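Here the sequence shown is numbered in UniProt numbering, starting from 1 and rising by one per residue.
Each residue gets a CB set at the ideal place from its N, CA and C atoms; glycine is no exception.
Note that this is a predicted model, so its numbers are computed, not measured.
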Amino acid sequence: MSAMTFSSTQRVSPVRDAALHAPQASRATHRVDAPAGSDTLPALDRRLLEQYFNTYCRETGGFDPRVTDDASLAGDLRRTVQAWRDEGHAVACVTFPHDSIRLYVAIERFSQMGFHRLAPHAALQSADGTVMPFDSPEALTGRIAGALAFRQPPADAVWPQRFAALMHNSIERVRYYHDHVPRRERPGTPFVRAEQSLLFGHVFHVTSKASEGFGEDDMQAYAPELGASFRLHYFAVSSRLFDASTIDASQPPIDPEAMHAATALLGDSEYRLLPCHPWQADHLLRQDAIKALLARRELISLGALGEVVWPTSSVRTVWLPLQRQFLKLSLDVRITNFVRNNPPEQVARALDASRYIAALPAACRSSETFEILLDAGSASLSVVDDALRASTTVVYRQAMRDAVGDDARVLATVLEEPVCGASPLQGLLQEALGQAPSFERVAAWWTRYLDATLMPLLRLFACHGVSLEAHLQNAMVAFQAGWPVRGYVRDMEGASISRMRCARPELLAPQSPALYSDEAAWKRFRYYVLVNHIGHVIASIARTGACDEAALWRVTAQVWARDAEPAVAALLDDVRRRPTLPAKANMLSCFGGHGEAPAWVEIPNPLADEEHRA
Numbered sequence: 001m002s003a004m005t006f007s008s009t010q011r012v013s014p015v016r017d018a019a020l021h022a023p024q025a026s027r028a029t030h031r032v033d034a035p036a037g038s039d040t041l042p043a044l045d046r047r048l049l050e051q052y053f054n055t056y057c058r059e060t061g062g063f064d065p066r067v068t069d070d071a072s073l074a075g076d077l078r079r080t081v082q083a084w085r086d087e088g089h090a091v092a093c094v095t096f097p098h099d100s101i102r103l104y105v106a107i108e109r110f111s112q113m114g115f116h117r118l119a120p121h122a123a124l125q126s127a128d129g130t131v132m133p134f135d136s137p138e139a140l141t142g143r144i145a146g147a148l149a150f151r152q153p154p155a156d157a158v159w160p161q162r163f164a165a166l167m168h169n170s171i172e173r174v175r176y177y178h179d180h181v182p183r184r185e186r187p188g189t190p191f192v193r194a195e196q197s198l199l200f201g202h203v204f205h206v207t208s209k210a211s212e213g214f215g216e217d218d219m220q221a222y223a224p225e226l227g228a229s230f231r232l233h234y235f236a237v238s239s240r241l242f243d244a245s246t247i248d249a250s251q252p253p254i255d256p257e258a259m260h261a262a263t264a265l266l267g268d269s270e271y272r273l274l275p276c277h278p279w280q281a282d283h284l285l286r287q288d289a290i291k292a293l294l295a296r297r298e299l300i301s302l303g304a305l306g307e308v309v310w311p312t313s314s315v316r317t318v319w320l321p322l323q324r325q326f327l328k329l330s331l332d333v334r335i336t337n338f339v340r341n342n343p344p345e346q347v348a349r350a351l352d353a354s355r356y357i358a359a360l361p362a363a364c365r366s367s368e369t370f371e372i373l374l375d376a377g378s379a380s381l382s383v384v385d386d387a388l389r390a391s392t393t394v395v396y397r398q399a400m401r402d403a404v405g406d407d408a409r410v411l412a413t414v415l416e417e418p419v420c421g422a423s424p425l426q427g428l429l430q431e432a433l434g435q436a437p438s439f440e441r442v443a444a445w446w447t448r449y450l451d452a453t454l455m456p457l458l459r460l461f462a463c464h465g466v467s468l469e470a471h472l473q474n475a476m477v478a479f480q481a482g483w484p485v486r487g488y489v490r491d492m493e494g495a496s497i498s499r500m501r502c503a504r505p506e507l508l509a510p511q512s513p514a515l516y517s518d519e520a521a522w523k524r525f526r527y528y529v530l531v532n533h534i535g536h537v538i539a540s541i542a543r544t545g546a547c548d549e550a551a552l553w554r555v556t557a558q559v560w561a562r563d564a565e566p567a568v569a570a571l572l573d574d575v576r577r578r579p580t581l582p583a584k585a586n587m588l589s590c591f592g593g594h595g596e597a598p599a600w601v602e603i604p605n606p607l608a609d610e611e612h613r614a
């Protein structure tokens, strides 16, 4: 088809630099709800304090921060703490080593996994014993940064201030989302509404909602937390410059509506369509390398085309409901710890893992109760600059196409507790089990859950060496009448394949980034599946009051032990001999600038045999 005359550039709105600095004023007066008393924290502040306190404890070795002896406390603090105890709360404390200030909190429910539920009370004590009120979660950011710098002095003297600003950024985002959350019923399907309801993010993270690059207008346009939806920006790319790869040698799928519109604009010419996030398109159109391609008409900016898409909880991955697929877009915005584009190595790992899994027996990747959603392909500009390639790459992802797929919910949103009221998990449990169910009923629900999540994941690793990064934002479960009926895992970029257990080594190049040592792949499984996923669901069920964590861990071990596959049983034996389990240290990783090689800590293993307990 001959190319028609079409502007190779377009007018773009300037995007504000949204890197937030530490605010000058305290946010102590910011309240979502009225406090019950003068020393009671607002509900949103309590929730943020819980997140920061639990993260700091986990990553600094404070597995049990409870205080049992109040005798050494100063008079005012002793009276305050006694009042908390009179309300039925335990008391916990952390000390910041750089200034010896102590933070005291009241705990409503202690958690084996460190997911302690805090009561709305906190106080600070200085090194000289002076008791100070806890003003707001923002007051913690400088202390956390100072404590980490004391433990591990950074090479850059200003980095602690910068890290504190990132924590402020995250807190401000959370406050903004709660202030601006749509008051009316969100549009979209129940699946979309669930994907877009994650207002706090990772509970063991101090920059869980930090983002740099999005201004307020951008958040209104693109933030899933605010119910955003939009059309993608499309580039027409000359065939010579278009690089695509799929796991089955097919062509990457293209939105038919976008294809029709592009054909009307360009006629029948040798161009391929490359979808792009609209924020990223504006960002790219300001770069000299892109301007040069536009001037040579190797690249043509077509603007917004195609169906309306919905950003998911990860911000840069979007859901196309008419095509029933996900697109993992590049977004040169720092979200939590990373700039969220698609580097070549990550894309290669995702596609290598997907090709390998696709070649396994069908029952391994899809059954009545479980399905793996593979990354089907990728497309990008064929350029030598890896940074530019990373900024233009899109990954095409499979989605749920079965009868219960519309009932799927990303687990992070199922478990996230709102500022006030019950979590979606509590609603599901009540729907399935009624009020005050017996433990036998809870155990039956949990067994059904394990059959849709843990057990197929264990078999996949034990028999074929595939360790999926099935954490709470990559794992979805379909619920019907409150009962878990089918589990899904998405995002193969985090998959690791054990060289030792690999059943089809001829499918992978020896240096494939998807290949790991057996211990490394198993370590990743123990964290992403056992700690981040199963452990957090157990802790969240316990927080509803349905049962305690230890009881559900016993059920987990029983279900695991009943599996008929010897290799699966061998994994349980291995876990039982370990006193600890690995946990990714998000706070330490961000502070230490660890990039793609995160820091790790060890936490007590609730599955360990008595003689091996930490």
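Cβ shell of residue i (< 6 Å), same chain only, five flanking positions each side left out
| i | result |
| --- | --- |
| L552 | W446 and I538 |
| D243 | S380 and S382 |
| L148 | F591 |
| E257 | G306 and E307 |
| A199 | Correcting the residue type first, residue 199 is Leu in the shown sequence and not Ala. Closer than 6 Å at the Cβ level, and outside the excluded window around L199, lie Y177 and E225. |
Of the residues the options, the one placed nearest residue i, counting alpha carbons only
| i | options | result |
| --- | --- | --- |
| F191 | A412, R349, H116 and S330 | A412 |
| V81 | H121, I101, H205 and P505 | H121 |
| A264 | R286, L305 and D288 | L305 |
| E368 | R448, E565 and L508 | R448 |
| M113 | S238, A348 and H536 | H536 |
| R231 | A353, A261, H205 and S239 | A261 |
| R109 | R85, G129 and R102 | R85 |
| L472 | S314, E59 and Q51 | S314 |
| G227 | M259, H180, G215 and E212 | H180 |
| L415 | D128, H202 and A348 | H202 |
| A210 | E519, M587, S250 and P424 | M587 |
| D135 | G142, E50 and L41 | L41 |
Where residue i falls: helix, strand or coil (DSSP)
| i | result |
| --- | --- |
| P120 | strand |
| C93 | strand |
| P344 | helix |
| M400 | coil |
| A25 | Legend: pLDDT at A25 = 34, less than 50; position of this residue unreliable, no value from coordinates given. |
| L327 | strand |
| L607 | coil |
| P220 | Here residue 220 is Gln; the residue named in the question, Pro, does not match the sequence. Looking at Q220 - three-state DSSP - the assignment turns out to be helix. |
| I247 | coil |
| F230 | strand |
| A212 | With the sequence shown as reference, residue 212 is identified as Glu, and Ala is not the correct amino acid for it. Strand at E212. |
| D451 | helix |
| M476 | strand |
| D573 | helix |
| T547 | For clarity, residue 547 is Cys in the given sequence; the question names Thr instead. Looking at C547 - three-state DSSP - the assignment turns out to be coil, as it is neither helix nor strand. |
| F134 | coil |
| P278 | helix |
| A599 | coil |
| P256 | helix |
Cβ separation of residue i and residue j, assumed to be a contact under 8 Å, to the nearest whole Å
| i | j | result |
| --- | --- | --- |
| V419 | A43 | 5 Å |
| W483 | A432 | 5 Å |
| P321 | T453 | With 8 Å as the limit, P321 and T453 do not qualify as a contact, their Cβ atoms being about 25 Å apart. |
Short CB-CB distance (under 7 Å) between residue i and chain C
| i | result |
| --- | --- |
| Y528 | In the structure shown, chain C does not exist; there is a single protein chain. |
Sequence-distant residues of its chain with Cβ nearer than 7 Å to residue i (five each side left out)
| i | result |
| --- | --- |
| I254 | L273 |
| R324 | A399 and R401 |
| I171 | L48, P137 and E138 |
| L571 | L458 and A462 |
| R543 | R109 and R117 |
| Q220 | L226 |
Proximity below 7 Å, CB of residue i to CB of residue j
| i | j | result |
| --- | --- | --- |
| M476 | A408 | yes |
| G592 | A599 | yes |
| I247 | L351 | yes |
| V489 | L508 | no |
| H98 | G62 | no |
| P344 | P224 | no |
| T207 | L166 | yes |
| V404 | A546 | no |
| V94 | P65 | yes |
| F370 | G487 | yes |
8 Å CB neighbourhood of residue i in its chain, flanking five on each side removed
| i | result |
| --- | --- |
| S330 | C276, H277, Q280, R316, R340, N341, N342, A390, S391, T392, T393 and V394 |
| residue 698 | Outside the shown range of the chain, which is 1 to 614, sits residue 698, and nothing can be said about it. |
| A289 | V383, D385 and L388 |
| S517 | S498, R499 and M500 |
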